[in-house]
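Following: one structure in structure tokens, then a few remarks.
In full-length UniProt numbering, the protein residues as written are 1 to 518.
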């Protein structure tokens, strides 16, 4: 506090400006960064093609690098070139593939802070979470290096490269992790940069991999224009998709028609049920962690389903916890050399998403939802006069109306909704509101009650009073119902999903002709 009692004006942490990050990128990987744009990587070369779209950081509106969007014809050429790389790479001995991927991991670890800083600027991740995204990618792939011999025994690479189309929220721990494991298993890999952010981070990561001889292709463009090349092209051996249900359904239809190997992770409404429960201190402790990165992740918990007679006790635990959330500019500090601020959430991915959430909340309240908590900009940490149009402060609503998207879909932002139930049947119906989910949790004191109800919750993973997540290393991951199509992943299943096994093999997953749990 200043002498007058007001909080001191914040400033940008020294050495963390976008211009600083960009210059470091040009120094580290000049082949991939040119002037004020990134290049596309295909046919083993960096190319200044595509139409570069302007982009701004959600953090404060600073102009950042935009994706250089290719047309469909160029994308087809890139896919054909990737097939040529694939046909060579699949015959590279496993020890050499392992050595090249290991060298890539060493390079990623060496440049970890720059990759994390790019994630802060491009998609608004607080520093702690940006670093974790990079670390999880590196540590996760290292686990596969140790076990890849056993995982690939009796198996062969696919007939064509793996095409990866992923959402913007986890460029490193989801997309780069997948690329490197797929390559380790003997496949050339293709990635489309997410439209909403992460192009510079992915460009740097792919530049480091390409230097080590990993056969990676990185292209930008609209999903609609590139889908014929990246999804339907006969050269593609497998499609790996992470995103929403609408786009995922179109991809699912295409791959089903073609009989193509696929891994399609789609969203679901992950729910947290509270039934005959008294462990309020433990629940209160986990509430802030559930808001990490503003709930912009596929395993976030935006819906609490609470036994009506416990609602007062639930609020007594929930509200003080949610009021502790720290929001603001991820690089704003009191003195230039201060440590990075320890925040729970920064902005959402862009101003358009922020407006969508504000409008959905306002409409839900107009139609009868009860606002229980609204965060305030007065409590946030911002630079003087900065653009805050992409920030959404945490909101909690009771009983969103059935007409609201907040009732039946994942908001992908810091908006919690609560519904009250009176019977176990109502509890299960409310927890299964979205025809399948990736994760769920049930907080109940009685283990027998949990054991009886948990199998009736349509989620791939259900926690007993603890949150579940994608997981790392040997932890499997998939989804129930409309939240997942195709092969499950995680642990050895990721390698099985991108390799060929014995004739007639049925992979664990959700397929048009079978559903098989691991």
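Each residue gets a CB set at the ideal place from its N, CA and C atoms; glycine is no exception.
(message) Buried or exposed, going by whether 16 or more other CB atoms sit within 10 Å of the CB of residue 440?
(response) Residue mapping note: residue 440 aligns to position 440 of the chain shown, counting from 1. Answer is buried; the Cβ neighbour count reaches 16.
(request) Tell me, to the nearest whole angstrom, how far the beta carbon of residue 341 is from that of residue 381; I am working on the premise that it is less than 8 Å. (result) Residue numbering aside, residue 341 sits at position 341 when the chain shown is read from its first letter. Residue numbering aside, residue 381 sits at position 381 when the chain shown is read from its first letter. Correct: roughly 6 Å between the Cβ atoms.
(message) Tell me the rounded alpha-carbon separation between residue 419 and residue 462.
(response) If you number the chain shown from 1, residue 419 lands on position 419. If you number the chain shown from 1, residue 462 lands on position 462. Spanning the two alpha carbons is a distance of roughly 19 Å.
(request) Alpha carbon to alpha carbon, how far is residue 487 from residue 477? Give it in angstroms, no decimals. (result) Residue mapping note: residue 477 aligns to position 477 of the chain shown, counting from 1. Residue mapping note: residue 487 aligns to position 487 of the chain shown, counting from 1. Going from the Cα of residue 477 to the Cα of residue 487 covers about 10 Å.
(message) If contacts are defined as beta-carbon pairs under 8 Å, then residue 118 and residue 21 qualify, I think. What distance do you get, rounded to the angstrom?
(response) Stepping through the chain shown from its first residue, residue 118 is reached at position 118. Stepping through the chain shown from its first residue, residue 21 is reached at position 21. About 6 Å separates the two Cβ atoms, so the contact holds.
(request) Would you check if there are 3 or more beta carbon pairs closer than 8 Å linking the segment 58-74 to the segment 212-220? (result) yes
(request) Keeping to the same chain, check which residues put their C-beta closer than 8 Å to that of residue 365; ignore five residues upstream and five downstream. (result) Indexing the chain shown from 1 puts residue 365 at position 365. Closer than 8 Å at the Cβ level, and outside the excluded window around residue 365, lie 371, 397.
(message) I'd like the list of long-range same chain contacts for residue 403, defined as Cβ closer than 8 Å, with 5 residues on each side in sequence excluded.
(response) Within the chain shown, numbered from 1, the residue matching residue 403 stands at position 403. Closer than 8 Å at the Cβ level, and outside the excluded window around residue 403, lie 367.
(message) Going by DSSP in three states, residue 69 sits in which element: helix, strand or coil?
(response) Residue 69 sits at position 69 when you count from the first residue of the chain shown. Reduced to three states, the DSSP call for residue 69 is strand.
(request) Go ahead and label residue 15 buried or exposed: buried means 16 or more other beta carbons lie within 10 angstroms of its beta carbon, across all protein chains shown. (result) On the chain shown, position 15 is the one that residue 15 refers to. The residue in question, residue 15, is exposed, as its Cβ has fewer than 16 Cβ neighbours within 10 Å.
(request) Pull up the CB-CB distance for residue 191 and residue 179, whole angstroms please, since I reckon it's below 8 Å. (result) Numbered from its first residue, the chain shown carries residue 191 at position 191. Numbered from its first residue, the chain shown carries residue 179 at position 179. Contact flag correct, Cβ pair sits at about 6 Å.
(message) Considering only their Cβ atoms, is the gap separating residue 173 from residue 239 smaller than 8 Å?
(response) By 1-based counting over the chain shown, the position of residue 239 is 239. By 1-based counting over the chain shown, the position of residue 173 is 173. Not closer than 8 Å, so no.
(request) Return helix, strand or coil for residue 517, following the three-state DSSP convention. (result) One-based indexing of the chain shown puts residue 517 at position 517. DSSP places residue 517 in coil when its eight states are reduced to three.
(request) Would you kindly check if the distance between the Cβ of residue 189 and the Cβ of residue 141 is under 8 Å? (result) Taking the first residue of the chain shown as 1, we reach residue 141 at position 141. Taking the first residue of the chain shown as 1, we reach residue 189 at position 189. Cβ atoms of residue 141 and residue 189: not closer than 8 Å.
(message) So the candidates are 298, 211, 150, 247; which of them puts its Cα closest to the Cα of residue 227?
(response) Looking up residue 227 in the chain shown gives position 227. The candidate whose alpha carbon is nearest that of residue 227 is 247.
(message) Given a cut-off of 8 Å on the beta-carbon distance, is the pair residue 274 and residue 309 in contact?
(response) The count along the chain shown starts at 1 and reaches residue 274 at position 274. The count along the chain shown starts at 1 and reaches residue 309 at position 309. In this structure, residue 309 does not lie closer than 8 Å to residue 274 by Cβ.
(request) Within the same chain, show all residues whose beta-carbon is closer than 8 Å to that of residue 223, passing over the 5 residues directly before and after it, in chain order. (result) Taking the chain shown and counting its residues from 1, the one referred to as residue 223 is at position 223. Cβ neighbours of residue 223 beyond the five flanking positions: 165, 192, 195, 247.
(message) Please identify the residue among 413, 442, 406, 459 whose C-alpha is closest to the C-alpha of residue 432.
(response) Along the chain shown, read from residue 1 onward, the residue named residue 432 stands at position 432. The option with the nearest alpha carbon to residue 432 is 459.
(request) With a cut-off of 8 Å on the beta carbons, I'd call residue 10 and residue 333 a contact; round off their distance for me. (result) Within the chain shown, the letter at position 10 stands for residue 10. Within the chain shown, the letter at position 333 stands for residue 333. So it is a contact: roughly 6 Å between Cβ atoms.
(request) Compare the Cα-Cα distances from residue 429 to each of 88, 328, 64, 269 and report the closest residue. (result) To locate residue 429, count along the chain shown from 1; it is residue 429. Of the candidates 88, 328, 64, 269, the one whose C-alpha sits nearest the C-alpha of residue 429 is 269.
(request) Look at residue 483 and residue 448 and say whether their C-beta atoms are less than 8 Å apart. (result) Looking up residue 483 in the chain shown gives position 483. Looking up residue 448 in the chain shown gives position 448. No, these two residues do not count as a Cβ contact at 8 Å.
(request) Could you tell me whether any Cβ in chain C is nearer than 8 Å to the Cβ of residue 376? (result) Here chain C cannot be found, since the structure has a single protein chain.
(request) Alpha carbon to alpha carbon, how far is residue 65 from residue 37? Give it in angstroms, no decimals. (result) By one-based count along the chain shown, residue 37 stands at place 37. By one-based count along the chain shown, residue 65 stands at place 65. Their backbone Cα atoms lie some 6 Å apart in a straight line.
(request) Give the range of the alpha helix (DSSP H) segment to which residue 330 is assigned. (result) The sequence position of residue 330 within the chain shown is 330, counting from 1. Unbroken run through residue 330: none, as it is neither H nor E.
(request) Could you tell me which residues DSSP puts in a beta bridge with residue 265? (result) By 1-based counting over the chain shown, the position of residue 265 is 265. DSSP lists 242, 484 as partners of residue 265.
(message) DSSP three-state label for residue 398, please.
(response) Here the question's residue 398 lines up with position 398 in the chain shown. Here residue 398 sits in strand by DSSP.
(request) Quick one: grab the DSSP three-state call for residue 163. (result) The residue given as residue 163 occupies position 163 in the chain shown. Residue state, collapsed to three classes: strand.
(message) Could you tell me which whole alpha helix (DSSP H) segments of length 4 or greater appear in the segment 278-355?
(response) 280-290, 311-322
(request) Kindly indicate the opening and closing residues of the alpha helix (DSSP H) around residue 127. (result) Start at 1 with the first residue of the chain shown, and residue 127 comes out as number 127. Run containing residue 127: 127-152, per the alpha helix (DSSP H) assignment.
(message) My assumption, with CB atoms under 8 Å, is that residue 186 sits in contact with residue 90. Please give the rounded CB distance.
(response) As a position in the chain shown, residue 186 is number 186, starting the count at 1. As a position in the chain shown, residue 90 is number 90, starting the count at 1. Rounded, the Cβ-Cβ distance is 5 Å, consistent with contact.
(message) In whole angstroms, give me the CA-to-CA distance for residue 237 and residue 425.
(response) As a first step, residue 237 is located in the chain shown; it is residue number 237 there, counting from the start. As a first step, residue 425 is located in the chain shown; it is residue number 425 there, counting from the start. Rounded to whole angstroms, residue 237 to residue 425 spans 43 Å at the Cα level.
(message) Do residue 346 and residue 59 have their beta-carbon atoms positioned less than 8 Å apart in this structure?
(response) In the chain shown, counting from the first residue as 1, residue 59 sits at position 59. In the chain shown, counting from the first residue as 1, residue 346 sits at position 346. It is a contact, given that the beta carbons lie within the stated cut-off.
(message) Could you compute how far the alpha carbon of residue 12 sits from the alpha carbon of residue 24?
(response) The sequence position of residue 12 within the chain shown is 12, counting from 1. The sequence position of residue 24 within the chain shown is 24, counting from 1. Taking the straight line joining both Cα atoms gives about 17 Å.
(request) Could you tell me which residues DSSP puts in a beta bridge with residue 273? (result) To locate residue 273, count along the chain shown from 1; it is residue 273. 305, 442, per the DSSP bridge assignment.
(request) Provide the residue(s) that pair with residue 192 in DSSP beta bridges, ordered along the chain. (result) Here the question's residue 192 lines up with position 192 in the chain shown. Residue 192 pairs with 165, 219.
(message) Quick check on residue 367: does DSSP put it in helix, strand or coil?
(response) Within the chain shown, residue 367 is the residue found at index 367, counting from 1. Coil at residue 367, not helix or strand.
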